[in-house]
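Comments concern the structure below.
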Amino acid sequence: TGGLTTAGFALSSGVGVWNAFVFEIVMTFGLVYTVYATAIDPKKGNLGIIAPIAIGFIVGANILAGGAFDGASMNPAVSFGPALVSWSWDNHWV
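Residue numbers (my numbering): 4 to 97.
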């Protein structure tokens with residue numbers, strides 16, 4: 004297995020940088036909106052019963068939808084650790 008490495012959060016062939024950037028924005032917005040709408044809505048005052056299911060479902064859907072294109076990071080902090088360890092900063096901001 005010499006020379007084989009995992010890509011981590013890298014762009015697939017044929018995916019442009021701007022396409023991946025917009026896709027990451029949409030996935031992150033969907034995740035943040037779901038968290039705010041279900042778990043930390045100040046009007047409800049308590050944690051909704053459906054919050055863990057909804058958040059898990061949106062994370063799974065984002066991974067299935069975006070994993071093949073750009074790794075489906077959804078969070079810059081998640082991308083920072085592997086990039087730091089492998090010292091690979093190509094397309095890190097996506």
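Heads up, the beta-carbon is just placed ideally off N, CA and C, and yes, glycines get one too.
Cβ contact annotation for Gly-51 (same chain, cutoff 6 angstroms, sequence separation greater than five): Thr-41, in chain order. Just so you know, the alpha carbons of Ala-23 and Ile-43 end up roughly 29 angstroms apart. By a beta-carbon distance limit of 8 angstroms, Thr-37 contacts Ile-58. Their separation comes to about 6 angstroms. Per DSSP, Ala-80 is one residue of the alpha helix (DSSP H) stretching across 79–89. Residue burial annotation: Asp-73 is buried, with at least 16 other C-beta atoms found within 10 angstroms of its C-beta.
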